[in-house]
Structures are given as C-alpha cells and as structure tokens.
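**Q** Start counting the sequence shown at 1; every next residue gets the next number (full-length UniProt numbering). Glycine is no exception: its CB is placed at the ideal position from the N, C-alpha and C atoms. The structure that follows is given in the form of structure tokens.
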Amino acid sequence: MEILLYLQGNAARIVHLSLQHAMLVLASVGGATLVGVPLGVVVVRYKWLTQIALTVATVCLTIPSIALFGLMMPILSRFGLGIGYAPAIAAVFLYSLLPILRNTCIALQALDPAVQEAARGIGMTSWQRLRLVNLPLAVPVILSGVRTAVVMNIGVMAIAAVVGAGGLGVLILRGISQSDVRQLVVGSLMVCLLALIADWLLGRLQRLLTPTGIRT
C-alpha cells in the first residue's frame with residue numbers, strides 16, 4: 001500500500017526520471033549502432049581486423065560497470081564533461097558496442113554464398129550488394145544485437161545517477177541511502193518495466209524490417 005501511495009504522490013517525477021533514463025539509453029545505444037554496424041561491415045571485409053575489433057569490444061564489456069563510469073569521469077573532465085550525461089553515455093556506448101558489432105559480423109559472415117554470386121551475376125557493385133542484399137538480409141541478426149544491448153544497458157544505466165546523469169538510478173540510490181524501500185522498489189520496478197517495453201518495441205521493429213521472404 002505504501003508503494004502505491006508513493007507512486008500516486010510522485011507520478012510526475014517518476015515519469016520524468018523514466019523518460020530521462022530512456023533518452024540516456026537511446027543516445028548511447030543509438031551511437032553504438034551508428035558506429036558498430038559500419039565497423040562490422042569493415043572488419044568483415046578485412047578479416048584480419050575482426051579479432052582485434054571484437055577483442056577490444058570484449059575488454060570494454062568485461063570492465064565492471066561502476067569502474068567504467070568512474071574511468072569516464074577523469075577522461076571527460078579534460079573537456080569539461082566529467083559530471084552529468086557525458087560519462088554515462090560514453091560508458092554505456094562502450095558496453096553496447098560488443099553485441100552490436102558481434103551480431104553484425106555474424107550476420108554478414110553467415111550470408112549464403114549463392115546469394116552473393118547471384119548478385120554479382122546481375123552486375124551489382126560491392127556497394128549495391130551491401131545496400132540492397134547483404135544488409136537487408138542481415139537486419140534480423142543485427143537488430144537482435146541492438147535488442148540485447150538495449151535491455152542489458154537499461155539496467156546498467158541505473159548507475160548513471162552516481163555520476164550525476166539522473167535517470168531511475170536516482171530513486172534506487174536514494175532508496176538505499178535513505179533506507180526507503182518505496183523508492184528502491186519503485187525504481188527497480190520501473191527499470192524492469194522500461195526494459196520489457198523496449199524489448200517489445202524493438203521486437204516489433206525487427207519483424208517490420210525483416211524481409212518478407214525470410215520472415216518466419
């Protein structure tokens with residue numbers, strides 16, 4: 001009952017923090033997608049780069065989240081961005097890069113050679129094959145990586161409150177520091193709800209962008 005009363009009395013603030021949380025994740029995962037997909041295309045073309053790129057991305061993912069947020073602060077403070085949105089977005093960007101890059105590589109490497117040969121046979125250039133054949137066929141697997149990154153990092157972004165970026169982590173941290181179970185439970189539940197909504201929306205987008213011929 002106390003939790004429901006807290007929700008009613010603080011609905012506007014909870015909605016604001018939820019939207020702030022969602023925008024932080026969108027900015028970081030969106031940036032990782034813009035970098036990870038083209039990087040995946042490049043490293044598949046130059047195979048010697050594949051292992052190097054995946055190793056670097058894996059190392060970033062293995063750094064404890066609280067440590068990575070902390071590392072971003074002194075680095076970005078050189079540019080006057082040590083506190084706030086910048087370290088949070090930078091840290092989650094690095095966490096998002098591996099699943100997106102890896103899935104892009106897997107998707108492009110798994111394409112049927114017969115399809116590639118057919119595209120060459122009708123006179124398509126390498127750019128035309130990439131744009132009209134390879135990427136459309138790879139979309140389901142690439143978006144699967146994006147979904148993984150989004151769901152995983154909605155939870156990670158809760159730590160952004162430590163560096164002053166806001167989001168639902170504010171409720172969780174205040175709940176812990178003030179021994180307020182209401183804030184702790186509400187913050188945790190909203191993070192879970194946000195992850196479920198994001199996963200559902202991306203699942204719909206994935207189905208929408210999957211070519212009809214390979215949709216199951």
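For the candidate residues 202, 13, 101 and 131, whose alpha-carbon lies nearest to that of residue 33?
**A** 101
**Q** Helix or strand or just coil, what does DSSP make of residue 85?
**A** Judged by DSSP in its simplified three-state form, residue 85 adopts helix.
**Q** Please look up how many angstroms separate the CB atoms of residue 150 and residue 25, rounded, as I've assumed it's under 8 Å.
**A** Going by Cβ atoms, the distance from residue 150 to residue 25 rounds to 6 Å, so yes, they are a contact pair.
**Q** Between which residues of its own chain and residue 58 is the CB-CB distance below 8 Å, once the five residues before and five after are set aside?
**A** 98
**Q** In chain order, which continuous runs of the alpha helix (DSSP H) of length 4 or greater are located wholly inside the stretch 89-149?
**A** Runs found: 113-121 and 126-129.
**Q** Excluding the 5 residues preceding and the 5 following residue 68 in the sequence, name in chain order all residues of the same chain whose CB lies nearer than 6 Å to its CB.
**A** 91
**Q** Under the three-state reduction of DSSP, which class applies to residue 221: helix, strand or coil?
**A** Nothing can be reported for residue 221, as the shown portion of the chain is limited to 1 through 216.
**Q** List the endpoints of the continuous alpha helix (DSSP H) containing residue 36.
**A** 11-45
**Q** When you compare only the Cα positions, how much space is there between residue 163 and residue 75?
**A** 13 Å
**Q** Just tell me which of 119, 60, 187 and 54 has its CA closest to the CA of residue 19.
**A** Nearest neighbour of residue 19 by Cα position, chosen from 119, 60, 187 and 54, turns out to be 187.
**Q** DSSP three-state call for residue 202: helix, strand or coil?
**A** helix
**Q** Where does residue 165 sit, in a helix, a strand or coil, going by DSSP?
**A** coil
**Q** Among the residues of its own chain, which have a CB less than 6 Å from the CB of residue 82, if the five just before and after it don't count?
**A** 73 and 76
**Q** Could you give the distance in angstroms between the alpha-carbon of residue 115 and the alpha-carbon of residue 129?
**A** 10 Å
**Q** Hey, residue 141 and residue 107 are a contact pair by Cβ (cut 8 Å); roughly how many whole angstroms apart?
**A** 4 Å
**Q** Select from 210, 161 and 51 the residue whose C-alpha is nearest the C-alpha of residue 84.
**A** 161
**Q** Could you check which residue in 169, 143 and 65 has the C-alpha nearest to that of residue 209?
**A** Considering only alpha carbons, the answer is 143.
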